[in-house]
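J.:
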Amino acid sequence: MTVPTDPAGGGGSPRSAERLSSAFRYTGDPLFVLHGPGVLDALVCRDYLERDFEAALWEELSAAGFERIVFWTPWEKGLYFRDADSSAGRPRGTGSPLGTGSPRGIGASETANAAGPVPPPAAPGGPAGGTMRFFNGPMGAVNRLGAGRLGPGRPSGPGGPGAGAAVGTGRPPAASTVGSMTDGAAVRLLATWLSPRGPRNPLRTAAVFLSTPELLTHLRPEAVRPLAGLFGELTGGPRTDHLCVLISGESDRSRIIAEVRRTGLFTTLADWLEGTAADGCYGYVGHAPPAEIERAIHRTRLVDGLDIGDWAGLPRLAAAMSAESNATRKWLSTMQLWARERRPLDGPELAKAGHLTGGSPDGRSAWERLDAMTGLGTVKEHVRRLAGATRLLAARPAGSGRRAQAGSHHLVFTGGPGTGKTTVARLIGEIYRDLGILARGHVRAPEVSQLVAGYEGQTAIAVNREADEALDGVLFIDEAYRLTERRDSPFGQEAVNALLSRMENDRERLVVIVAGYQGEMKRFLDANPGLRGRFPEANIIHFPDYEPDELTDILLRNLADIGLTWEPDTEEALRTVVAGIHRLRDERFSNAREMRSLADDLQANWSSRVQRAAGAVDLGKRPAGDDGRAAAWAAEQETAAPGDLAALWERPLLRADIPGRYAMHLPGQAPPIDEVLAGLAELIGLGQVKAHIRELAGTMQLLAARPAGSGRRAPAGSHHLVFTGGPGTGKTTVARLIGEIYRAIGVLRRGHVRAPEVSQLVAGYEGQTAIAVNREADEALDGVLFIDEAYRLTERRDSPFGQEAVNALLSRMENDRERLVVIVAGYQEHMRRFLDANPGLRGRFPEANIIHFPDYEPDELTTILLRQLTAGGLTWEPETEQALRAVVAGMYRRRGEDFSNARAMRSLADELRARWSGRVLADGGPGGDPARLAALWERPLLPADIPERLQRDLPGRVPPIEQVLAALDALVGMGPVRASLEALQRRLRHRQRIGAPGVVAPHLLFLGPPGTGKTTVARLVGEMFAALGLLSKGHVVEVKREDLVAGYLGQTEQKTSDAIAKAIGGVLFIDEAYALARGGPQDFGREAINTLVPAMENLRGRLVVIAAGYPGSMREFLAVNEGLPSRFGETIEFPDYEPNDLVEILERMAGAAGYRLDPAARPAAADWFRRRRDADGPAFANARTARGLLDRMEDRLTARMAQRPDADQAELTTLTEADLPA
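The opening position of the sequence shown corresponds to residue 696 in the numbering used here, with each subsequent residue numbered one higher.
1. Going by other Cβ atoms of all chains shown within 10 Å of its Cβ, with 16 needed for buried, is serine 1454 buried or exposed?
2. Closest to serine 2000 by C-alpha separation, out of Leu752, Asp1550, Ala1584, would be which residue?
3. Alpha carbon to alpha carbon, what distance is there between methionine 1290 and arginine 741?
4. Kindly indicate the opening and closing residues of the beta strand (DSSP E) around histidine 1547.
5. Provide the residue(s) that pair with aspartate 1483 in DSSP beta bridges, ordered along the chain.
6. Using 8 Å as the cut-off, can you tell me whether the region 717–732 makes contact with the region 973–987, which would need three or more C-beta pairs spanning the two stretches below that distance?
7. Report yes or no: do three or more beta-carbon pairs, one from the region 1759–1775 and one from the region 1802–1811, lie closer than 8 Å?
8. DSSP on threonine 1419, reduced to helix/strand/coil?
9. Relative to the alpha-carbon of leucine 1432, which residue among Thr1394, Leu929, Arg1389 has its alpha-carbon at the smallest distance?
10. Can you give the Cα-Cα distance for alanine 1299 and glutamate 1266, rounded to whole angstroms?
11. Nearest CA to the CA of phenylalanine 1779: which residue from Gly1742, Met1809, Arg1278, Arg1684?
12. Going by DSSP in three states, valine 765 sits in which element: helix, strand or coil?
13. Quick one: Cα of arginine 994 to Cα of glutamate 1044, how far?
14. Counting along the chain, where does the beta strand (DSSP E) carrying alanine 644 start and finish?
15. Suppose the cutoff is 6 Å on Cβ atoms and the five residues either side in sequence are ignored; what does the same chain contact list for aspartate 878 look like?
16. Count the other C-beta atoms from every protein chain shown that fall within 10 angstroms of the C-beta of threonine 864, then say buried if there are 16 or more, exposed otherwise.
17. Taking 8 Å as the threshold (C-beta atoms), are alanine 1856 and leucine 1892 in contact?
18. Assuming contact is defined by CB atoms lying nearer than 8 Å, are alanine 1022 and aspartate 736 in contact in what I supplied?
19. Buried or exposed: arginine 1899, going by 16 or more other Cβ atoms within 10 Å of its Cβ?
20. For serine 757 and isoleucine 764, I'd like the C-alpha separation in whole angstroms.
21. By DSSP, does isoleucine 1208 sit in helix, in strand, or in coil?
22. So is histidine 1685 buried or exposed if we call it buried at 16+ other beta carbons inside 10 Å?
23. Anyone know if the C-beta pair for proline 1676 and leucine 1564 falls short of 8 Å?
24. Alpha carbon to alpha carbon, how far is aspartate 1836 from methionine 1669?
25. Is tryptophan 1611 helix, strand or coil by DSSP?
26. Tell me, to the nearest whole angstrom, how far the beta carbon of leucine 1226 is from that of valine 1191; I am working on the premise that it is less than 8 Å.
27. Helix, strand or coil: how does DSSP classify proline 1916 here?
28. For the region 950–1031, which segments carrying the alpha helix (DSSP H) assignment without a break, of at least 4 residues, lie completely within its bounds, in sequence order?
29. Name, in chain order, the residues that DSSP records as bridge partners for arginine 1139.
30. Ordered along the chain, which non-local residues of its own chain (more than five positions away) have a Cβ less than 8 Å from that of valine 1695?
31. Can you find the residues in the same chain that come closer than 7 Å, C-beta to C-beta, to glycine 1420, ignoring five residues on each side of it along the sequence?
32. Would you call aspartate 1903 buried or exposed, if buried means 16 or more other Cβ atoms sit within 10 Å of its Cβ?
33. For the candidate residues Ala1876, Arg1202, Ala1034, whose alpha-carbon lies nearest to that of arginine 996?
34. Are leucine 1700 and threonine 1786 close, meaning C-beta to C-beta below 8 Å?
35. Alpha carbon to alpha carbon, what distance is there between histidine 1105 and valine 1207?
36. Nearest-angstrom Cα distance between alanine 953 and alanine 965?
Take a look at the structure:
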């Protein structure tokens, strides 16, 4: 049998292959990059000979008119030629090839990769083999091509490339050794041949850099600068007829560029490779197309005796093999093995052996598989029309009309997920391949995230990488609309532009299919005029959702594939469930994927049930622990015979195996309303909440029972609710019960609750917030969308994204009013402002649907705490319970707006359990005996386990106010300050004693220099007011100007309001408050003061503001706002410390650091402080100066002791007069 003819077409050498010819599009540029998996592969060329990539590239370069072709590799061969003309430096065809062998040939000439010296014929006028012109190399003018010394090489066919002889030696070179060429000499020689600025070279030269990144990385230092200069000349100099070809096995252009940049030496080359000038100078050499695979099959048949199993199906088989993206070398190896084993080559056998993963193992065509898909009638009809039009155009007589537009093969698939778009895309690849539109028909399906990068220029590289991989096949981009969704980001549009460029430039080799939801894809096509041109209306194919019967068929087919059987009543129940799923579907419904998920859940439930019923081992659940259950499990597993388990597969799937989340679609699955309301009654407290919800539920039941035509329907928003109250008051729990109540009444079909954080609803870019809200609303459809702390959506006036979220929410509440209930929750006052922020909110949340959740009472909180302790396995005595009640009452009394109620009790229970555990383990001694540890659980919780910070509320403890006064007495040098505060607390206690109305803690001014204890006293003031019951918590929030003032209009008000909110229930201490008044009328500090003044009035009784600073500067502060002086009820002055007071402070600081001050040093220290105060004047820092003095004395002490290795402990820790600085 003769070899089928395969004339060279489409350009390139007839002794090369299509994938190389189509990649090497030489346009006259001095640099060209060939990359991809094909550069590492063998090629079966158009003449049916197998050539390695170098040999095939030599043929292409020779056909392009290059007369000298030289190769450079980082490995042992270095710089070498493959033909005698190049070696001798003469025009092509005037001499002979280096060898007389041939590429891997057919029949008797089968001498592939044979090695050995083959003498060339004598050159005219010289010795045999021809002498290369002398040049100055590292060994002088001695490098020449010696006769008969060509060395081992690759054989070539007549006139083709021959042995890979090294320049100058005749044997494979080793870099920089005697007889070989150094890197520096190689670069000088290449520059002589290639440089556009050097002497004119009459021979057109092509230099091929094999494994370019490795070559550049391992280059010797002396060659780096000359080669970098040569690249600079080639990319920036005058045009030249010569060419440098860079070879890399990388498919990803960005990785090639990164490898070049990583060398740190060839920046000019890297910049050129990354720039737009290089866009047309990349050639991607992919895997073999079907024509080459078919040649490989025939070659193996003729050379190795391979049998063909199905001659008629051979073209389809070659196409399927091509689509696998395997190297041709691998296919040749596989086919040679099959030839030796006498195995006939056909599709089913290759699929069975794992060599074919795409297509159909049973040999069905793409059309047959498309017809076998469930449903998709309109899709199938559309694809047939496209195929018919393509066949008709292909049969059109030459010259009878204009060709079809270039983009007519590109397609748009619209529809929801799971409708078969990806499957049909793969079939389109095969159909287009069979129609001759595509050479391979494989499908490349990257994620959108793989196409869009985060830096300018990187996105185009990513798109080109994926397009290169898809050449001769299909690039399938699902959810393509995401490329144009973000208007604020240029990278998606950059991806679209790069995609359009490739669709135009590779219109004969690339088909693009984009897919996504119908509405989103319409907006995608409208986003760029070029998209509509590439995707004509006739090529938009809509994939509708499957109908219920089609979905059921898909589900039953999945179950049958698993191996399950079922009774008729089970199938009927499944059809009901699927119909319910279909009825409640939304745009995101996943169709066939949902059926696969349901099939998996059914199998899991069936598996657990039949194994439990048969007493078999649940193979997926090995018991944990050392109580013997694990051993029993292992013993059961050993006795469970495979035959017993196999018998379980005879048991059918039952209705009881339907997962709970789907059972709602079956009749009678919703719980009765009385049962749900009984769950509400079990909650602790919340009397008003329970009454409100019962009334609401009764009203809805009444409306649902109203006869048809008896009146107008209830308002659309009447089911939406507002929950107000502090954290931990049961709002989330009740929201879940509301979902069940609405489901039981029939308002909602599912009644589930979706509870996103506010941060999940608000994005940082325009348009993204609406997408986030819609995503959460979609998840909540037929249930409840619960948004806690919803007021945060409208708090930031300087940000439009919160308002965007509210608008999107209102839209969904209107459009999905039959399927969505929204519950918003938060603090009472915050939620009032939230509802007032947008008129539409008041309309959707009527006053009657606002439910307030008050704080739990102390007894209710104690009950919650005791339940938590009981659930944790603890017991207690009556006196412990009495102590806990006192503690909880104290926490309740001091609570602020953010008191977390039940959450606070859970935290306290965890802390009590941890302290109890530490105590009983310490009392029980070491050891881990299980019996001893179990006995520890009999020990009760004691009052001693209550945290120290809470023990002040225990009976018999010193009153908190006395503790604060004692702390004031302990302060050094605070006589006037103590007197002022004691007078203030006496006055406040007297007002409380006589029952005076409106007793509140006043705002205070602290006047004095730094380091006089103002911050310390502010903390004690907070504790004092809390002990008097005038503040709920008494904590201190310390701020300065930078904590309140921002850089943009409106932000300062927000920062100040945030600080005020944190301080509610305690003290806002503003140190150096005068800094807010400096900077002029337009300074944002004035905005902070203007925000602070009304808050000081509106929050009296809940907030104390203490402003501190120098006396003179504070007068400027008070003058900024006329309402400011009247807000401060008390002024306390902090004078400088006396020297003796500072010595006492120094002694206390030293003691805390582990030192003592020598009493003899006290007078000298006092004198030091006196001198320092006089010298510093107003800048004297008092206690801060004492802290600095201690540090300096410690430095001097350690320096002295370093000379005293024999010093005792007392000497090491005693600060003396000698340690005082001058």
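Ideal Cβ placement from N, Cα and C applies to all residues, glycine included.
T.: Let me lay it out:
1. For this step, residue 1454 is matched to residue 759 along the sequence shown. Label assigned to serine 1454: exposed.
2. The structure shown does not extend to residue 2000, since the chain is modelled only from 696 through 1917, so no value can be given for it.
3. Taking the first residue of the sequence shown as position 1, residue 741 is located at position 46. Taking the first residue of the sequence shown as position 1, residue 1290 is located at position 595. Going by the C-alpha atoms only, they are around 49 Å apart.
4. Walking along the sequence shown from the start, residue 1547 turns up at place 852. Start and end: 1545–1548.
5. For the purposes of this step, residue 1483 is identified with residue 788 of the sequence shown, where counting begins at 1. The partner list for aspartate 1483 (beta bridge, DSSP) reads Ala1520.
6. With the cut-off at 8 Å, the region 717–732 and the region 973–987 touch.
7. yes
8. What you label residue 1419 is simply residue 724 of the sequence shown in a count that begins at 1. The answer is strand: DSSP assigns threonine 1419 an E or B state.
9. Along the sequence shown, read from residue 1 onward, the residue named residue 1432 stands at position 737. When each option's Cα is compared against that of leucine 1432, the closest is Arg1389.
10. If you number the sequence shown from 1, residue 1299 lands on position 604. If you number the sequence shown from 1, residue 1266 lands on position 571. Cα-Cα distance, rounded: 17 Å.
11. Working through the sequence shown from its first residue, we reach residue 1779 at position 1084. Of the candidates Gly1742, Met1809, Arg1278, Arg1684, the one whose C-alpha sits nearest the C-alpha of phenylalanine 1779 is Gly1742.
12. Locating residue 765 in the sequence shown gives position 70, counting from the first residue. DSSP, reduced to helix, strand and coil, places valine 765 within a strand of the structure shown.
13. One-based indexing of the sequence shown puts residue 994 at position 299. One-based indexing of the sequence shown puts residue 1044 at position 349. If I take the Cα positions, the gap works out to 20 Å.
14. Here the chain covers residues 696 to 1917 and nothing more, so residue 644 does not appear.
15. Mapped onto the sequence shown, residue 878 falls at position 183. Cβ neighbours of aspartate 878 beyond the five flanking positions: Leu914, Arg915, Ala918.
16. Taking the sequence shown and counting its residues from 1, one reaches residue 864 at position 169. Residue placement at threonine 864 is poorly supported in this model, since its pLDDT is 32, which falls under 50; the coordinates still yield a value, given next. With 16 or more Cβ atoms within 10 Å of its Cβ, threonine 864 is classed as buried.
17. In the sequence shown, residue 1892 corresponds to position 1197, counting from 1. In the sequence shown, residue 1856 corresponds to position 1161, counting from 1. Contact flag unset, no.
18. As a working mapping, residue 1022 is identified with position 327 in the sequence shown. As a working mapping, residue 736 is identified with position 41 in the sequence shown. Taking 8 Å as the Cβ cut-off, alanine 1022 and aspartate 736 qualify as a contacting pair.
19. The residue you call residue 1899 lines up with position 1204 of the sequence shown. Here arginine 1899 is exposed: its Cβ has fewer than 16 other Cβ atoms, across all protein chains shown, within 10 Å.
20. Taking the first residue of the sequence shown as position 1, residue 757 is located at position 62. Taking the first residue of the sequence shown as position 1, residue 764 is located at position 69. Here the alpha carbons of isoleucine 764 and serine 757 stand approximately 8 Å from one another.
21. As a first step, residue 1208 is located in the sequence shown; it is residue number 513 there, counting from the start. Isoleucine 1208 falls in the strand class under three-state DSSP.
22. The residue labelled residue 1685 in the question sits at position 990 within the sequence shown. Exposed: under 16 other Cβ atoms inside 10 Å.
23. The residue you call residue 1676 lines up with position 981 of the sequence shown. The residue you call residue 1564 lines up with position 869 of the sequence shown. Note that residue 1676 is leucine in the sequence shown, not proline. Cβ distance not < 8 Å, so leucine 1676 and leucine 1564 don't count as in contact.
24. Start at 1 with the first residue of the sequence shown, and residue 1836 comes out as number 1141. Start at 1 with the first residue of the sequence shown, and residue 1669 comes out as number 974. The alpha-carbon atoms of aspartate 1836 and methionine 1669 are separated by roughly 9 Å.
25. Counting from one through the sequence shown, the residue named residue 1611 turns up at place 916. DSSP places tryptophan 1611 in helix when its eight states are reduced to three.
26. In the sequence shown, the residue the question calls residue 1226 occupies position 531. In the sequence shown, the residue the question calls residue 1191 occupies position 496. Their Cβ separation, rounded to whole angstroms, is 7 Å, which keeps leucine 1226 and valine 1191 in contact under 8 Å.
27. Counting from one through the sequence shown, the residue named residue 1916 turns up at place 1221. Note: proline 1916 maps to coil in three-state DSSP.
28. Here the runs fully enclosed are 962–969, 985–999, 1009–1018.
29. The residue labelled residue 1139 in the question sits at position 444 within the sequence shown. Looking at the DSSP assignment, arginine 1139 forms a beta bridge with Leu1170.
30. For the purposes of this step, residue 1695 is identified with residue 1000 of the sequence shown, where counting begins at 1. Correct list, in chain order: Leu1725, Arg1795, Gly1796.
31. As a position in the sequence shown, residue 1420 is number 725, starting the count at 1. Within its own chain, the residues whose Cβ lies closer than 7 Å to the Cβ of glycine 1420, once the five positions on either side in sequence are excluded, are Lys1426, Gln1523, His1547, Phe1548, Pro1549, listed in chain order.
32. By one-based count along the sequence shown, residue 1903 stands at place 1208. Exposed, because fewer than 16 other Cβ atoms sit within 10 Å of the Cβ of aspartate 1903.
33. Position 301 of the sequence shown, counted from the start, is the residue given in the question as residue 996. Closest by alpha carbon: Ala1034.
34. Taking the first residue of the sequence shown as 1, we reach residue 1700 at position 1005. Taking the first residue of the sequence shown as 1, we reach residue 1786 at position 1091. The beta carbons of leucine 1700 and threonine 1786 sit no closer together than 8 Å.
35. For the purposes of this step, residue 1207 is taken as the residue at position 512 of the sequence shown. For the purposes of this step, residue 1105 is taken as the residue at position 410 of the sequence shown. So the alpha carbons of these two residues sit roughly 5 Å apart.
36. Mapped onto the sequence shown, residue 953 falls at position 258. Mapped onto the sequence shown, residue 965 falls at position 270. Between the C-alpha atoms of alanine 953 and alanine 965 there is a straight-line separation of about 8 Å.
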